[in-house]
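Numbering (the numbering used here), first residue to last: 12 to 222.
Each residue gets a CB set at the ideal place from its N, CA and C atoms; glycine is no exception.
Here the structure is a predicted model, which means the values were calculated and not measured.
Here's the structure we're looking at; comments come further down.
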């Protein structure tokens, strides 16, 4: 496919895995007021699949890409307490699951093609809709849960390598995303009280096919 990068438009699909967690900000008095030693986040694996459209911006080394993706994510907040009577063994985990429709728009800067290989860097942003959000759900104070906003905006940076086959192009890509707005909803449930802000973040590894 010698003229692949000269095409104005290309289309394809993507499959991949992700590792999601939070940037956590606690209240200043979280430890003193609630008897906690720490609140930490633990990244968890997930997956994603999507489709893409890519537009050449005048030159083969510069492209604009839209890649709507459905992702499955899990994050864990771990609460540690000095008082073991608060939690079993002094530790409690709060799991937050999300099924997100992500709509990323990225600008891609590519190297010139060398035989059947190119490399590229990308940056951009994505709009996220959490289809599993419990934003409007009634809180269960017997088994409380963390509430997150249904909508989020994230910045993205990444890089990848492309390989050209006779009838398609294959790429492996690594991206990092981080929310630009606080996603946390404070409803003063036991698991929410010590928390001030939560920002979504994650690493994404994708395999991309274009034709």
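For the beta strand (DSSP E) assignment, the uninterrupted runs of no fewer than 3 residues enclosed by the stretch 19-43 are, from N- to C-terminal side, 20-37. The Cβ atoms of residue 114 and residue 155 lie no closer than 7 Å to each other.
Buried is the label assigned to residue 165, since at least 16 other Cβ atoms lie within 10 Å of its Cβ. The same chain holds no residue with a CB closer than 7 Å to that of residue 40 once the five nearest residues on each side in sequence are set aside. Under the three-state reduction of DSSP, residue 17 is assigned to helix. DSSP assignment within the stretch 137-186 yields the following whole beta strand (DSSP E) runs of 3 residues or more, N-terminal first: 162-175. Shown here, residue 101 sits in a helix according to DSSP, grouped into three states. Minimum Cα-Cα distance from residue 63 among the listed residues 55, 22 and 72 corresponds to 22. Contact between residue 74 and residue 81 is absent: CB atoms are separated by about 23 Å, not below the 8 Å threshold.
Taking a cut-off of 8 Å on C-beta distances, the stretch 29-49 touches the stretch 197-207, as three or more cross pairs fall below it.
Here the alpha carbon of residue 142 sits roughly 35 Å from the alpha carbon of residue 16. DSSP places residue 83 inside the beta strand (DSSP E), whose first and last residues are 80-92. By the Cβ test, the stretch 138-152 is in contact with the stretch 101-114, since at least three Cβ pairs between them sit closer than 8 Å.
Here residue 192 is exposed, its C-beta having fewer than 16 other C-beta atoms within 10 Å. With at least 16 other beta carbons inside 10 angstroms of its own, residue 167 counts as buried.
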